[in-house]
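Residue numbers (our numbering), protein chains in the order written: chain W, 1 to 286; chain E, 1001 to 1286. Data first, discussion second: the structure below is written as structure tokens.
Number of protein chains: 2
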Amino acid sequence: MAGEGQQISLLDGKEDKFGGVEVNLMEVESMTVDDFDTKLDLSLKAWKDQGKKGIWVKLPRERSSLVDTAIKKGFTYHHAENEYVMLTSWLGEEPSTLPANASHRIGIGAFVLNKNGEMLVVQENSGYLKDRNVWKVPTGTIKEGESIWAGAIREVKEETDIDTKFVEVLAFKESHQAVWQRKTDIFFVCELEASTFEIKIQESELSAAKWMPVEEYVNQPFHAEEGKEMFKLIANICLKRSKKEYMGFHNVHTTKSLKESLYCSADQSANLLSETCDEASTSTSL
Amino acid sequence: MAGEGQQISLLDGKEDKFGGVEVNLMEVESMTVDDFDTKLDLSLKAWKDQGKKGIWVKLPRERSSLVDTAIKKGFTYHHAENEYVMLTSWLGEEPSTLPANASHRIGIGAFVLNKNGEMLVVQENSGYLKDRNVWKVPTGTIKEGESIWAGAIREVKEETDIDTKFVEVLAFKESHQAVWQRKTDIFFVCELEASTFEIKIQESELSAAKWMPVEEYVNQPFHAEEGKEMFKLIANICLKRSKKEYMGFHNVHTTKSLKESLYCSADQSANLLSETCDEASTSTSL
Chain W
1 MAGEGQQISL
11 LDGKEDKFGG
21 VEVNLMEVES
31 MTVDDFDTKL
41 DLSLKAWKDQ
51 GKKGIWVKLP
61 RERSSLVDTA
71 IKKGFTYHHA
81 ENEYVMLTSW
91 LGEEPSTLPA
101 NASHRIGIGA
111 FVLNKNGEML
121 VVQENSGYLK
131 DRNVWKVPTG
141 TIKEGESIWA
151 GAIREVKEET
161 DIDTKFVEVL
171 AFKESHQAVW
181 QRKTDIFFVC
191 ELEASTFEIK
201 IQESELSAAK
211 WMPVEEYVNQ
221 PFHAEEGKEM
231 FKLIANICLK
241 RSKKEYMGFH
251 NVHTTKSLKE
261 SLYCSADQSA
271 NLLSETCDEA
281 STSTSL
Chain E
1001 MAGEGQQISL
1011 LDGKEDKFGG
1021 VEVNLMEVES
1031 MTVDDFDTKL
1041 DLSLKAWKDQ
1051 GKKGIWVKLP
1061 RERSSLVDTA
1071 IKKGFTYHHA
1081 ENEYVMLTSW
1091 LGEEPSTLPA
1101 NASHRIGIGA
1111 FVLNKNGEML
1121 VVQENSGYLK
1131 DRNVWKVPTG
1141 TIKEGESIWA
1151 GAIREVKEET
1161 DIDTKFVEVL
1171 AFKESHQAVW
1181 QRKTDIFFVC
1191 ELEASTFEIK
1201 IQESELSAAK
1211 WMPVEEYVNQ
1221 PFHAEEGKEM
1231 FKLIANICLK
1241 RSKKEYMGFH
1251 NVHTTKSLKE
1261 SLYCSADQSA
1271 NLLSETCDEA
1281 STSTSL
């Protein structure tokens, strides 16, 4: 505790757009538990007096000794990443309107066709299809900040060394309680066009990979098993697509917003773009 | 520290499918920092000897005093929710293969048509369109564990009291660094069919709501502004859809997997289902 006559400063907070305060201790070199305790008490009183509502405190891993203090003063966890934990406290009288944590994980399955109309199939070293002799499409998880089309291209390259171009999203599957028994997984089935042919497998993940006729893939006994309707449905979409009897969503960029892209039905998107976005460009391989 | 002759137990860990151990302290009534410190040391040694790799420790908010101890022993944050923080430590020699945290947030925009072919538009109390007299579609964030179609129906009901039926996903937009300057937002544009007509606005969020001809919505000056190409593109998709010149992705359920549903092109999905999934059912209003 500070003695009489000693000036105690508040925590260094930045006002946000929603009437709240963000305290970021990522760059703070040191702070004792006592110091944090005192400053947090005074700051919370000041913010409450000022009518502030949502209080955010970001603590780097190096300041983990302060977590307990914040929790004891009524903060809850909001989210965490490897290098930090974000704590929040709601000072408003009404129910909290703080935005939710990230809630979903995004996966891709890659339907990769070569020039002979064959598709790329793999067998994995682990997981529940291991040792079942089932051929599946390359799959993976989209990284934070990565685009769906880019993640599909990356996964195929990592697993099989095949270079590809993104064509379209054929469908997507929503699976609840798929991650940590609580987060939802959205799995995008992406069509890719191979520009190289020679497969070199990533041995840490795959036991085999090869090119296979689409019909052979679809007709694997696995797809006829009880409870595998979703696999078979997706396999059939791939088959229809290979016969040009199916159309998914193309990826449309506008030059003005490079952090954004839109996936929509393809025939219309080209027309829509020329009608509405003079400076827009359509690209499948940005 | 335990004295000689006293038996010290390890932390109660459950083996996972990936050669790791999960320690869940959610139900533990009490544990002192010293006790946790000693047990964690012994447990880590034992797990290492057993060749365990990924170690997970789940600490409830009530055990926040233990966070610092785990971090000091080499754990990092993995993720957190209001009521707990999940810490991980990788004991393997090779790079960590622990799965990633949730990385995305999912939003919806609702294109709601009534029987007169008018669409539901709103003005919000806050956000960057406030006081600009721009009419927009109802939007919102999908909750953890909620389906896209269900979240769209819920948001429209909450904001305007209009009851709706889900029709299809018209398009989706991927926006990077949209949440916490790092998480990606995927925004699904959903078409809904209104089954009630009388609007009652949620006053905490909206300043106004009404039915508007689709052309009038599309032709708002806002959509012609520089940098608003993405808004205009989505508006045009809604217009084309209202003229039956556009088709998105329907929602297909199979009875076997109630936690999963597939969004795919509509004409094909019905055929695919009858061909492949005897017990499958198509529903847009489950």
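Note that CB positions come from ideal geometry on N, CA and C, so glycine has one too. Computed from a predicted model, the values in this text were never measured in an experiment.
Classify residue i as helix, strand or coil using the three-state DSSP reduction.
{"i": "G5(W)", "result": "The predicted model places G5(W) with a pLDDT of 48, which falls under 50 and marks its position as unreliable, so this point remains unresolved."}
{"i": "S283(W)", "result": "For S283(W), the predicted structure reports a pLDDT of 34, less than 50, and the residue's modelled location is therefore unreliable. The matter cannot be settled from this model."}
{"i": "M1230(E)", "result": "helix"}
{"i": "E1083(E)", "result": "coil"}
{"i": "S65(W)", "result": "helix"}
{"i": "W56(W)", "result": "strand"}
{"i": "L1160(E)", "result": "Note that residue 1160(E) is Thr in the sequence shown here, rather than Leu. DSSP places T1160(E) in helix when its eight states are reduced to three."}
{"i": "S175(W)", "result": "strand"}
{"i": "E1155(E)", "result": "helix"}
{"i": "T1139(E)", "result": "strand"}
{"i": "Y217(W)", "result": "helix"}
{"i": "R105(W)", "result": "strand"}
{"i": "K48(W)", "result": "helix"}
{"i": "S1207(E)", "result": "strand"}
{"i": "T1076(E)", "result": "strand"}
{"i": "S1030(E)", "result": "coil"}
{"i": "D1185(E)", "result": "strand"}
{"i": "S96(W)", "result": "coil"}
{"i": "F18(W)", "result": "coil"}
{"i": "F1222(E)", "result": "helix"}
{"i": "T196(W)", "result": "coil"}
{"i": "N24(W)", "result": "strand"}
{"i": "N1114(E)", "result": "coil"}
{"i": "L10(W)", "result": "coil"}
{"i": "N1251(E)", "result": "strand"}
{"i": "L1120(E)", "result": "strand"}
{"i": "K259(W)", "result": "coil"}
{"i": "L1170(E)", "result": "strand"}
{"i": "K244(W)", "result": "coil"}
{"i": "K165(W)", "result": "strand"}
{"i": "S1265(E)", "result": "strand"}
{"i": "S1089(E)", "result": "strand"}
Excluding the five sequence neighbours on either side, which residues of its own chain have a C-beta within less than 6 Å of the C-beta of residue i, listed in chain order?
{"i": "E22(W)", "result": "K14, D16 and W56"}
{"i": "V218(W)", "result": "A235 and L239"}
{"i": "E43(W)", "result": "Rather than Glu, the amino acid found at residue 43(W) in this sequence is Ser. Taken in chain order, the residues that qualify are L10 and L11."}
{"i": "V1189(E)", "result": "G1109, L1170, A1171 and I1234"}
{"i": "S1207(E)", "result": "Q1123 and N1125"}
{"i": "V61(W)", "result": "One point to set straight first is that residue 61(W) is Arg, not Val, in the sequence displayed. Only E83 meet the Cβ criterion."}
{"i": "F1036(E)", "result": "L1066 and T1069"}
{"i": "R63(W)", "result": "L25"}
In its own chain, which residues sit with a C-beta less than 7 Å from the C-beta of residue i, not counting the 5 before and 5 after it?
{"i": "E1004(E)", "result": "Its pLDDT being 49, under 50, E1004(E) is placed unreliably by the model, and the measurement read from it follows with that caveat. Hits under 7 Å: none found."}
{"i": "S1274(E)", "result": "At S1274(E), the pLDDT of 46 sits below 50, so the modelled position is not reliable and the matter cannot be decided from this model."}
{"i": "W1288(E)", "result": "Outside the shown range of chain E, which is 1001 to 1286, sits residue 1288(E), and nothing can be said about it."}
{"i": "K143(W)", "result": "G151"}
{"i": "Y77(W)", "result": "V85 and L87"}
{"i": "E1205(E)", "result": "E1124, N1125 and E1159"}
{"i": "C223(W)", "result": "A small correction: the amino acid at residue 223(W) is His; Cys does not occupy that position in the sequence shown. Around H223(W): F231, K232 and A235."}
{"i": "S1265(E)", "result": "M1247 and F1249"}
{"i": "F197(W)", "result": "N114"}
{"i": "G92(W)", "result": "K53"}
{"i": "Q1202(E)", "result": "E1158 and E1159"}
{"i": "K1288(E)", "result": "Residue 1288(E) is absent from the structure shown; chain E starts at 1001 and stops at 1286."}
{"i": "V195(W)", "result": "In the sequence on display, residue 195(W) carries Ser and not Val. Taken in chain order, the residues that qualify are D163, T164 and K165."}
Could you pull out every residue in the same chain whose Cβ sits closer than 8 Å to the Cβ of residue i, ignoring the five residues on either side in sequence?
{"i": "V1067(E)", "result": "L1059, V1085 and L1087"}
{"i": "I1008(E)", "result": "A1002, T1038, K1039 and L1042"}
{"i": "G117(W)", "result": "P213, V214 and S242"}
Write down the C-beta distance between residue i and residue j rounded to the nearest angstrom, noting that I regard them as a contact closer than 8 Å.
{"i": "T1164(E)", "j": "E1193(E)", "result": "6 Å"}
{"i": "L1120(E)", "j": "W1211(E)", "result": "6 Å"}
{"i": "G1107(E)", "j": "G1074(E)", "result": "Between G1074(E) and G1107(E) the Cβ distance is about 37 Å, and since that is not below 8 Å, they are no contact."}
{"i": "A1102(E)", "j": "H104(W)", "result": "6 Å"}
{"i": "M1230(E)", "j": "K1183(E)", "result": "Rounded, the Cβ-Cβ distance is 19 Å, inconsistent with contact."}
{"i": "F1166(E)", "j": "S1175(E)", "result": "The Cβ separation is near 23 Å, so there is no contact."}
{"i": "V1134(E)", "j": "F1111(E)", "result": "About 16 Å separates the two Cβ atoms, so there is no contact after all."}
{"i": "E168(W)", "j": "E146(W)", "result": "E168(W) to E146(W), Cβ: 18 Å. No contact."}
Output yes if chain A places a C-beta closer than 8 Å to the C-beta of residue i; else output no.
{"i": "A194(W)", "result": "Among the chains of the structure shown, chain A does not appear; the protein chains present are W and E."}
**Asked** On the three-pair Cβ rule with 8 Å, is the region 77-91 of chain W touching the region 117-131 of chain W?
**Response** Contact fails: fewer than three Cβ-Cβ distances are below 8 Å.
**Proximal residues, the region 155-174 of chain W versus chain E, C-beta separation under 9 Å** = Of all residues in the region 155-174 of chain W, V169, L170, A171, F172, K173 and E174 have a Cβ within less than 9 Å of some Cβ in chain E.
**Request:** Name, going along the chain, the residues of the region 52-75 of chain W whose beta-carbon falls closer than 7 Å to a beta-carbon of chain E.
**Result:** Within the region 52-75 of chain W, the residues whose Cβ lies closer than 7 Å to some Cβ of chain E are R61, S64, S65, V67, D68 and I71, listed in chain order.
**Prompt:** In the region 1089-1115 of chain E, which residues sit with their C-beta less than 9 Å from some C-beta in chain W, listed in chain order?
**Reply:** Residues E1094, T1097, P1099, A1100, N1101, A1102, S1103, H1104, R1105 and I1106.
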